[in-house]
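Trainee: Structure incoming, see below.
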Amino acid sequence: MFDVLMYLFETYIHNEAELRVDQDRLERDLTDAGFDREDIYNALLWLGKLADYQDGLAEPMQLASDPLSMRIYTVEECERLDASCRGFLLFLEQIQVLNLETREMVIERVLALDTAEFDLEDLKWVILMVLFNIPGCENAYQQMEELLFEVNEGMLH
């Protein structure tokens, strides 16, 4: 499913391709690209729930915004988000790429993935997808994109 999300993000969303693609056509394109129907369905469902945030149909967990408070992760969250992922989320909050609401959206979308393996690079892409879809997060998206691509480009040299 995560591979389908990455493909969709890179092919349609991030490259500013036509965003109003007929769902049947999109499913056909994904099937033609070699993706499994169940993965396609799950990815489209995942994106639909993400779009609910954009449309105001869903809200992240209501949180107190005490700057001295600390996020305690559940066992399920710790199983999916290792220490490096949790540290990266904290780092993004500290540099104000994420706020309490967007952090919770990211965590909720990570937990909704049906993937056995999940690492820091995957988390970065989920963060990018969430920020791209939330109105008013354009600057945060741009910062995250710069972080993602600067680090990846630096690793190539």
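Sequential numbering from 65 applies to the sequence shown in the working numbering. Even for Gly, the Cβ is constructed at its ideal location relative to N, Cα and C. Here the structure is a predicted model, which means the values were calculated and not measured.
Write down the C-beta distance between Val-68 and Asp-103 rounded to the nearest angstrom, noting that I regard them as a contact closer than 8 Å.
Mentor: Between Asp-103 and Val-68 the Cβ distance is about 5 Å, and since that is below 8 Å, they are a contact.
Trainee: What do you get for Leu-94, buried or exposed, if any count of 16 or more other CB atoms within 10 angstroms of its CB means buried?
Mentor: Leu-94 comes out buried.
Trainee: Taking only three categories from DSSP, how would you classify Leu-134?
Mentor: Checking the sequence, you will find Met at residue 134 rather than Leu. If DSSP states are grouped into helix, strand and coil, Met-134 belongs with coil.
Trainee: Tell me the residue span of the alpha helix (DSSP H) that contains Ile-191.
Mentor: It spans 184-197 - the alpha helix (DSSP H) in which Ile-191 sits, taken as one unbroken run.
Trainee: What first and last residue would you give for the alpha helix (DSSP H) that runs through Met-65?
Mentor: Here Met-65 belongs to no alpha helix (DSSP H), and DSSP marks it neither H nor E.
Trainee: DSSP three-state label for Asp-96, please.
Mentor: If DSSP states are grouped into helix, strand and coil, Asp-96 belongs with the helices.
Trainee: Write down the C-beta distance between Met-65 and Thr-179 rounded to the nearest angstrom, noting that I regard them as a contact closer than 8 Å.
Mentor: Yes, Met-65 and Thr-179 are in contact; Cβ-Cβ is about 6 Å, under 8 Å.
Trainee: What is the C-beta distance between Leu-211 and Ala-204, in whole angstroms, given that I count them as a contact (C-beta under 8 Å)?
Mentor: Actually they do not touch by this definition, with Cβ atoms about 10 Å apart.
Trainee: Taking the alpha helix (DSSP H) that Val-161 falls in, what are its first and last residues?
Mentor: Counting along the chain, Val-161 falls outside any alpha helix (DSSP H), and DSSP gives it neither H nor E.
Trainee: Across the region 109-116 and the region 134-148, are there enough close Cβ pairs to call them in contact, namely three or more that are closer than 8 Å?
Mentor: Judged by Cβ distances under 8 Å, the region 109-116 makes no contact with the region 134-148, as fewer than three pairs qualify.
Trainee: With 16 as the cutoff for other CB atoms within 10 Å, does Thr-166 come out buried or exposed?
Mentor: It is buried - the Cβ of Thr-166 has at least 16 other Cβ atoms within 10 Å.
Trainee: Leaving aside the five residues before and after Gln-160 along the sequence, list all residues of the same chain whose C-beta is less than 8 Å from its C-beta, in chain order.
Mentor: Counting only Cβ-Cβ distances below 8 Å, and skipping sequence neighbours, we find Ala-204.
Trainee: Between the C-alpha atoms of Leu-153 and Leu-72, what's the straight-line distance to the nearest angstrom?
Mentor: Between Leu-153 and Leu-72, the C-alpha separation is close to 24 Å.
Trainee: Do you know whose CA, among Phe-155, Glu-209, Cys-142, lies nearest Asp-183's CA?
Mentor: Per the Cα distances, Cys-142.
Trainee: Could you tell me how far apart the beta carbons of Leu-192 and Met-208 are, in whole angstroms, since I believe they sit closer than 8 Å?
Mentor: Between Met-208 and Leu-192 the Cβ distance is about 5 Å, and since that is below 8 Å, they are a contact.
Trainee: Excluding five sequence neighbours on each side, which residues of the same chain lie with their C-beta closer than 7 Å to the C-beta of Val-190?
Mentor: Around Val-190: Val-170, Arg-173, Val-174.
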